[in-house]
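Chains as they are written, first to last, in the numbering used here: chain A, 33 to 495; chain B, -10 to 176. Down below is the structure, laid out as structure tokens.
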Amino acid sequence: MIVAVMMAGISQGSDKAAAIARGSVYGMTGCAACVVTALAVLRATGSWWFSLLLGLAVWFASGFALQAARSIAGCPLQDVRRASRERSRFRVTLITAGPPGVVVYYLQKRWKRGAVNMNRAFASRWARNVFAAVCALAALMYIGSRFFTHLDLALYGYMVGTVVFIGGFFYRFMAWAERPPTRILLRKGIRLIFRRSTPAVAADHLVVHRFIWNRGWYRWLQHILLGWGCILSAFVTFPLVFGWMYFTMADNGTYTVVGFGIDLLRVPADGWIAFLFYNALNITAFMVIGGVCMALYRRIRHKQALAEQSFAYDFLPLYLLLFISVTGLLLTFSNIFLHGFGHPVMSLVHQWAVILTLLYLPFGKLAHIPMRPLSVLARNYRDHYGQAEPKACKVCGTEFVSAEQSRDVVDVLKQNRLEFKTEEGAHLAELCLPCRRKYRMSRFTGIPTHQIRAKEANQDAKG
Amino acid sequence: MKHYLYIEMDNCVGCRSCLAACTQCGGHDERNRNYVLDVNPFVDRQTIPLMCLHCIDPACARSCPAQAIQVTKEGAVLSALTEKCVGCQNCTIACPYGIPKFDRAQNLMYKCDLCYDRTKEGIPPMCASVCPTNTLQWLTEEEWKTKEQRHAIGQWSASRSPESPLEGETNVKISLPGILQGIQKLY
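Printed below as a string of structure tokens:
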């Protein structure tokens, strides 16, 4: 707390520091209340999850109550009259509606003042988002694992790793979303998410990767193996880690697959579906190994890759995925051929490799996985605004982009202190590309090339 | 050693060798990434090559929502990273010179990368290595300094400060055509 207050004080002034200090005090008081409540409830009921849940609720509620109490106590003098009127209304509510009424009364009042703003309850938006994501995850785990009765404790390391990953993920992606062009595209793209074309574009970009097919079959195959190998592994692993999926055997020889507490299907334990379930991660491991080998081969052959690649950005993620796949397969190998020899050590090595890769994911090349859906938003943004209001070139009148995007780019450039005005007073982002090139000729020579109605000739010379 | 691509605009005869050579650069997939433009098409045959000028503060990279356009330590503004480019085409609109090209099928922007596989080793880019008239030159820092000093003598200077023909500082250096401005250049 002291460090946080000092850091905030240095970077953002004493007001912010004071707010953080107050917040910490409320939080820590709430923490004490939480511990006391949890201990008392545990002693009384013997139910650890109920006591934990109640303790957390008390933590949250007491923190807010303290903040509310302070804001009432600290109201300025000129508001005393209004405050006394408020106090009488508070008493009436308390008598007529009891404690729940008081809660509603407070929420209403704060809502009107605009004070029920979750941004204020946390030190930063990052903290709020991480808190919300972890809470949502905990709630999903609670429901999905039938109230924490089916958690696989052999996988708890992955659980902790995921929570830390969420922190890093929000750190990286909130910084990214703050960049002016990203902010615009995210905001406008999300507003257009319910366009009719969204499912088709999403399937095209995110599932079958047709744009990679158009870059060559080799890259496509490599990416399908790598990408879907990883995604399928995640689809298998995460539900198991969070208790969202597990297997029970009511009748001997038949497995019941339980997803989110619902019996999904029954499969014979020696059937082919069960075989796929047992070997899902082995299959995806082979997919990933195949993809990594193809990618590594391309990286030692392709001229542009050779020129631009670096170890940390291009090779490290490949080696990490390879390491995960190989150690995972070694677990199977140990089971089948070595009667489990070395399994405990190897499972820890594998676990650490997965967790480290997960933590690294938002910060390296693998960050393109969560970034990629932006391409669907970008397509929607271009299509929607392109149909709504196309932009005609200021020189030749050809429609070349949407008016919205032209304005957005001008804004973004202005925020970066870049403003490109033509002699005629238009912004260069309002000129179509050929006219922009011809305008440059006019700047070089003084001859108004962009005003001459002639197409750019012979631009497709082949080698 | 730091090198600069240098464009001596007067010399261009419009042979399009630079376009053809561009297609042969590693990773360019047989498509060229630069332009040769007619200056006054119905009057004379003067042409000028236009390629990415590799701005110090590139508008394309500034406008990219996915941080797909990287600038190397040599100052080359690279083509979009294939895994990051989301196909919004902000860069094509932001570029004051109209350079980036966009492939709809591949959902990918591509632009001059100063033949980074060559220039990072100090080898001239494809366009400069084939130019038959020395329009495109690959100069060391000293050679460029000498040219700049000569420019300062006459009024055909490439970078007339308040009246700069470019939109900001660039890594590619240019020398404006003198003949078209009615000035005799002495070379």
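Where a beta carbon is used, it is the ideal one built from N, C-alpha and C, also for glycine. Small disclaimer: the values here were computed from a predicted structure and weren't measured.
Classification of residue i by the beta-carbon crowding that lies within 10 angstroms, buried from 16 upward
| i | result |
| --- | --- |
| residue 102 of chain A | exposed |
| residue 7 of chain B | buried |
| residue 371 of chain A | exposed |
| residue 21 of chain A | Nothing in the structure corresponds to residue 21 of chain A, since chain A is present only between 33 and 495. |
| residue 134 of chain B | exposed |
| residue 120 of chain B | buried |
| residue 469 of chain A | buried |
| residue 196 of chain A | exposed |
| residue 201 of chain A | buried |
| residue 445 of chain A | buried |
| residue 228 of chain A | exposed |
| residue 243 of chain A | buried |
| residue 108 of chain A | At residue 108 of chain A the pLDDT is 48, less than 50, meaning the model places this residue with poor confidence and gives no usable figure here. |
| residue 211 of chain A | buried |
| residue 254 of chain A | buried |
| residue 44 of chain A | exposed |
| residue 143 of chain B | Below a pLDDT of 50, predicted positions are generally treated as unreliable, and residue 143 of chain B, at 48, falls in that range; the measurement from the model is reported next regardless. That one is exposed. |
| residue 35 of chain B | buried |
| residue 99 of chain A | buried |
Among the options, the one whose alpha carbon lies nearest that of residue i
| i | options | result |
| --- | --- | --- |
| residue 342 of chain A | B/12, B/61, B/83, B/45 | B/61 |
| residue 291 of chain A | A/74, A/259, A/276 | A/276 |
| residue 237 of chain A | B/97, B/110, B/128, B/153 | B/97 |
| residue 158 of chain B | B/103, B/48, B/-2, B/28 | B/48 |
| residue 487 of chain A | B/65, B/-8, B/28, B/50 | B/28 |
| residue 353 of chain A | A/329, A/228, A/317 | A/317 |
| residue 161 of chain A | A/187, A/204, A/192 | A/204 |
| residue 107 of chain B | A/340, A/309, A/314 | A/340 |
| residue 155 of chain B | A/491, A/477, A/494 | A/477 |
| residue 183 of chain B | B/114, B/54, B/18, B/84 | For chain B, the structure presents residues -10 to 176; residue 183 of chain B sits outside this window and is missing. |
| residue 427 of chain A | A/459, A/154, A/345, A/159 | A/459 |
| residue 334 of chain A | A/250, A/298, A/66, A/36 | A/250 |
| residue 438 of chain A | A/462, A/169, A/490 | A/462 |
| residue 329 of chain A | A/346, A/223, A/422, A/429 | A/346 |
| residue 466 of chain A | B/138, B/23, B/105 | B/23 |
| residue 433 of chain A | B/82, B/15, B/114, B/87 | B/82 |
| residue 169 of chain A | A/397, A/221, A/97, A/271 | A/271 |
| residue 313 of chain A | A/287, A/331, A/264 | A/264 |
| residue 223 of chain A | A/72, A/473, A/417 | A/417 |
| residue 474 of chain A | B/162, B/153, B/160 | B/153 |
CA-to-CA distance, residue j to residue i, given in whole angstroms
| i | j | result |
| --- | --- | --- |
| residue 181 of chain A | residue 71 of chain B | 45 Å |
| residue 198 of chain A | residue 302 of chain A | 38 Å |
| residue 337 of chain A | residue 32 of chain B | 44 Å |
| residue 1 of chain B | residue 407 of chain A | 40 Å |
| residue 483 of chain A | residue 136 of chain B | 32 Å |
| residue 128 of chain B | residue -9 of chain B | 9 Å |
| residue 385 of chain A | residue 358 of chain A | 11 Å |
| residue 279 of chain A | residue 273 of chain A | 13 Å |
| residue 38 of chain B | residue 356 of chain A | 50 Å |
| residue 126 of chain B | residue 394 of chain A | 42 Å |
| residue -6 of chain B | residue 117 of chain B | 8 Å |
| residue 21 of chain B | residue 5 of chain B | 11 Å |
| residue 148 of chain B | residue 73 of chain B | Summary for residue 148 of chain B: the model assigns pLDDT 41, below 50, so the residue's position carries little reliability; its value from the coordinates is reported in the next sentence. Roughly 35 Å separates the two Cα atoms. |
| residue 235 of chain A | residue 252 of chain A | 15 Å |
| residue 192 of chain A | residue 231 of chain A | 33 Å |
| residue 54 of chain B | residue 47 of chain A | 34 Å |
| residue 50 of chain B | residue 390 of chain A | 28 Å |
| residue 9 of chain B | residue 157 of chain A | 52 Å |
| residue 60 of chain A | residue 171 of chain A | 23 Å |
| residue 39 of chain A | residue 206 of chain A | 20 Å |
| residue 282 of chain A | residue 348 of chain A | 45 Å |
Nearest-angstrom Cβ-Cβ length linking residue i and residue j, presumed shorter than 8 Å
| i | j | result |
| --- | --- | --- |
| residue 246 of chain A | residue 94 of chain B | 4 Å |
| residue 86 of chain A | residue 69 of chain A | 6 Å |
| residue 326 of chain A | residue 260 of chain A | Wrong, their Cβ atoms sit about 14 Å apart, outside the cutoff. |
| residue 57 of chain B | residue 43 of chain B | Residue 57 of chain B to residue 43 of chain B, Cβ: 16 Å. No contact. |
| residue 441 of chain A | residue 79 of chain B | 6 Å |
| residue 62 of chain A | residue 82 of chain A | With a Cβ gap of about 19 Å, residue 62 of chain A and residue 82 of chain A do not count as contacting. |
| residue 387 of chain A | residue 190 of chain A | 7 Å |
| residue 124 of chain B | residue -2 of chain B | 7 Å |
| residue 323 of chain A | residue 258 of chain A | 3 Å |
For this session: Would you be able to state if there are at least three C-beta pairs under 8 Å between the region 280 to 297 of chain A and the region 355 to 364 of chain A?
Result: Touching, no, given that fewer than three Cβ pairs across the two stretches are closer than 8 Å.
Exercise. Do the region 208 to 220 of chain A and the region 171 to 189 of chain A make contact, defined as three or more Cβ pairs closer than 8 Å?
Worked result: no
Exercise. Can at least three beta-carbon pairs, one atom from the region 441 to 457 of chain A and one from the region 402 to 420 of chain A, be found at a separation below 8 Å?
Worked result: With contact defined as three or more Cβ pairs closer than 8 Å, the region 441 to 457 of chain A and the region 402 to 420 of chain A are not in contact.
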